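Participant:
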Ligand SMILES: CC(C)(COP(=O)(O)OP(=O)(O)OC[C@H]1O[C@@H](n2cnc3c(N)ncnc32)[C@H](O)[C@@H]1OP(=O)(O)O)[C@@H](O)C(=O)NCCC(=O)NCCS
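Residue numbers (this note's numbering): 5 to 423.
1. How many whole angstroms separate the CB atoms of residue 418 and residue 195, which I take to be in contact at a CB cut-off of 8 Å?
2. At a threshold of 6 Å, does residue 48 count as lining ligand 1 (C-beta to nearest heavy atom)?
3. Determine the contact status of residue 312 and residue 225, defining contact as a CB-CB distance below 7 Å.
4. Here's a check: name, in chain order, each residue in its chain whose Cβ is nearer than 7 Å to the Cβ of residue 21, leaving out the five neighbours to either side.
5. For ligand 1, is there any heavy atom lying closer than 6 Å to the beta carbon of residue 271?
6. Quick one: does the C-beta of residue 103 sit closer than 6 Å to a heavy atom of ligand 1?
7. Does the beta-carbon distance from residue 49 to residue 76 come in below 7 Å?
8. Please name the residue, chosen from 290, 139, 124, 384, that lies closest to residue 109 on a Cα-to-Cα basis.
9. Tell me the residue span of the beta strand (DSSP E) that contains residue 145.
10. Name the one or two DSSP bridge partners that residue 43 has.
11. Residue 360 to residue 353, Cα distance in whole Å?
12. How about residue 158 and residue 305: do their beta carbons lie closer than 7 Å?
13. Is residue 31 close to ligand 1? I mean its beta-carbon at under 6 Å from any heavy atom of the ligand.
14. Can the beta-carbon of residue 388 be found closer than 7 Å to that of residue 404?
15. Could you give the residue range of the beta strand (DSSP E) that holds residue 239?
16. Would residue 117 be called buried (16 or more neighbouring beta carbons within 10 Å of its own) or exposed?
17. So which of 383, 237, 261, 165 has the shortest CA-CA distance to residue 409?
18. Going by Cα to Cα distance, which pick from 260, 37, 256, 265 is closest to residue 274?
19. Does ligand 1 have even one heavy atom less than 6 Å from the beta-carbon of residue 309?
20. Does the segment 126 to 144 touch the segment 329 to 343, meaning 3 or more C-beta pairs lie closer than 8 Å?
21. Kindly give me the distance between the Cβ atoms of residue 268 and residue 162, rounded to whole angstroms, as I take these residues to be in contact under 8 Å.
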């Protein structure tokens, strides 16, 4: 598809930050006070920021921005411990005066072309609304658990956890950026983005009045083992009063940990602030050891949340970048109207952990659409589950089982980065 009539694609730099903010504040319905208006200059990777401009007076004032998007340059963990160059789609917004004319569709084409041109074999995003991106081949690659924990949640004792040191401060890029990065760099689950550049750190620590909704400034809790940081959490408390006294709420925005003991200590601290009766914390995987140590799991009000939506942009590069848990030899037909380079049948031969992926003219054993391939890529959703949901078709007995076993992952994939 081409850019809709009356518009043109443009690259933009930080001199147009206020125009980007104008589009996104209309798209996402927020207002930023004057003092905070330059925050996008630090957050956006400007060499990867694109827009659609009005090119014809029939659409508005020529040269004004109608739509924007950007992408972060990520390295993402995949099964087997390797990293894959990944394009993290972000700040997608179409001004309400220009919506439903195909501008998002054109920006997605632009994003795919440019990401592929940079050698990024997959794209990921966190969805504002879940329906938007499925039509573009993004599948749900990681889901996680949110918990609503009561004051001093009952946890079974964890040997050694109480000896870990905790430090609490107001979050700040200069004081805490490197500490957060050090812990993040040790994340191993598939889906984790482990190397954060300065844009990502600025984005993670962004603390606008407009987002606080009456809560305090952004705070950080850091857990240390001696001098070594082993976990951190960004959180905000909001004081409230109920009929029986204080009824505040702690919201954990993001967290990372390097060990079950560090997670244990972090959760103990985050659920034990004076005047707070509830702590909301998400990004727990179903296999997180903490879940086994909560005495009243029902009282933790578990809720499953979607996290990473993933789009395979380059089938052979993406599939050869990850490891495989079992051998397989399967001809996989992929339907992908938007990226014809992926469309067709691919033979996946996995042996001793690695796979070769080559085009084949032989009949397909299994057929899958781009969206479902994205869902299965990190090993969080199995081909067997997709088959049971009638989302993949099997043409040879046991071919789905073989793919399922090969794509399986020992640990649940997860993301902890909202971008
Ligand atoms: C969501 C948004 C980007 C869509 O932009 P747009 O230019 O109107 O979208 P397009 O006209 O290119 O629509 C492309 C397709 O997506 C569909 N679509 C668009 N927004 C949708 C939504 N919110 N829910 C479901 N489908 C949606 C359209 O119906 C269209 O479908 P079709 O191609 O099958 O006909 C825009 O409305 C917006 O900025 N919304 C607020 C901010 C936001 O949610 N951004 C996404 C952040 S993750």
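We treat Cβ as the ideally placed atom computed from N, Cα and C, and that holds for glycine.
Predicted model, so just to flag it, every value in this text is computed and none were measured.
Facilitator: In this structure, then:
1. A Cβ-Cβ separation of about 5 Å places residue 418 in contact with residue 195 under the 8 Å criterion.
2. Not under cutoff, so the answer is no.
3. No.
4. In chain order, 42, 44, 45 place their CB closer than 7 Å to the CB of residue 21, counting only its own chain and leaving out the 5 sequence neighbours on each side.
5. It does not: the Cβ of residue 271 is nowhere closer than 6 Å to a heavy atom of ligand 1.
6. Residue side-chain check: residue 103 places its Cβ nearer than 6 Å to a non-hydrogen atom of ligand 1.
7. Against a cut-off of 7 Å, the Cβ pair of residue 76 and residue 49 comes out as a contact.
8. It is 139.
9. Segment 143 to 154, the beta strand (DSSP E) holding residue 145.
10. Per DSSP, none; premise fails for residue 43.
11. C-alpha separation (whole angstroms): 5 Å.
12. No, the Cβ-Cβ distance between residue 158 and residue 305 is not below 7 Å.
13. Yes, Cβ of residue 31 sits closer than 6 Å to a heavy atom of ligand 1.
14. Yes. Within cutoff.
15. Looking at the DSSP string, the run of the beta strand (DSSP E) that includes residue 239 is 232 to 242.
16. An exposed status is given to residue 117, since fewer than 16 other beta-carbon atoms sit within 10 Å of its beta-carbon.
17. Measuring from the Cα of residue 409, the nearest candidate turns out to be 383.
18. Cα-wise, what sits closest to residue 274 is 256.
19. Within the chosen limit of 6 Å, ligand 1 does not reach the beta carbon of residue 309 with any heavy atom.
20. In this structure the segment 329 to 343 touches the segment 126 to 144; the number of beta carbon pairs closer than 8 Å is three or more.
21. 4 Å between Cβ atoms; contact.
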